[in-house]
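What follows is a set of notes on a single structure, which appears directly below.
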Amino acid sequence: MLHSLMKRDLEKHLNVSKKFHQALQERRARCETQNIDPVVWTNQRVLKWVRDIDLKEYADNLTNSGIHGAVLVLEPTFNAEAMATALGIPSGKHILRRHLAEEMTAVFHPAKESCGDGGLEAAIEQTDGADGPGEQAVSAHRPQPPQLKSGQRRSTWTDDPDPLPVDSVRKIITVRLRFIGHLLWVLISSS
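Residue 191, in the UniProt record's numbering, is where the sequence shown stops; the numbers in between run on with no holes.
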């Protein structure tokens, strides 16, 4: 399927525009020499960072691994332990692993905080802004459930007492599809 996708298909169906792609490239260019905005780091930029924190001998293990800034910032299960394993740092090298954990906390924790609970959606908003004039920015935050009056019971047919409204789900899915579309755009552009 990737062979049949064209840039115009991404623009038409997934709303990944040239403007979005250019904004992302500008953000990447700004962080090439500084350890800022890691959510837009490429795999090559992550390799550079690993070399900069004195782990040069392990950096080549990340080449073509698929580990990039968005994984480091947005994937909640990808922690310093997972990164150490991906780098091939032996489990007995506690000082190196602790050094990696401290460096990851210094660089990626602020980025995780800025994305907040919005995760992927917040990161996309930083690049793309709101959906358009007059439209609200996408938010993955759930509204607070209404307080029940005494004697009132919740429906027992679902474990989720307050499901997301359909419009919110549509917006979240749209943002995720746009992110996937951007990744496809990068793949198509690089080939």
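The beta-carbon is built from N, C-alpha and C at its ideal position, and this holds for glycine as well.
Since we're looking at a predicted model, the values are computed, not measured.
Query                                                                                                                                                                        : Result
What three-state label does DSSP hand H68 in the structure shown?                                                                                                            : coil
Which full runs of the alpha helix (DSSP H) of 4+ residues lie inside the UniProt domain "SAM" (41–89), going along the chain?                                               : 43–52, 56–59, 69–74 and 80–87
Taking a contact to mean a Cβ-Cβ separation below 8 Å, would you say L74 touches L62 in this structure?                                                                      : no
Count the other C-beta atoms from every protein chain shown that fall within 10 angstroms of the C-beta of S102, then say buried if there are 16 or more, exposed otherwise. : A small correction: the amino acid at residue 102 is Glu; Ser does not occupy that position in the sequence shown. Classification for E102: exposed.
Could you check what DSSP says for M104 in three-state terms: helix, strand or coil?                                                                                         : helix
Within a Cβ cutoff of 6 Å, which residues of the same chain sit near E135, ignoring the five residues on either side of it in sequence?                                      : Unreliable positioning characterises E135 in this predicted model, as indicated by a pLDDT of 35, which lies under 50. The coordinate reading is nonetheless provided below. Closer than 6 Å at Cβ, skipping near neighbours: no residue.
Any idea if I89 is buried or exposed, counting beta-carbon neighbours within 10 angstroms, 16 or more meaning buried?                                                        : buried
Quick one: give me the first and last residue of the alpha helix (DSSP H) that E26 is part of.                                                                               : K18 to R30
Taking 8 Å as the threshold (C-beta atoms), are G69 and P110 in contact?                                                                                                     : no
For my contact list, M104 and A86 are in at a C-beta cut-off of 8 Å; report their separation, rounded to the angstrom.                                                       : No, M104 and A86 are not in contact; Cβ-Cβ is about 12 Å, not under 8 Å.
Measure how close the beta-carbons of L24 and V50 come, nearest whole angstrom, since I'm counting them as under 8 Å.                                                        : At roughly 22 Å, the Cβ-Cβ gap does not stay under 8 Å, so L24 and V50 are not in contact.
Compute the distance between the beta-carbons of G66 and N35, then report whether it is under 8 Å.                                                                           : no
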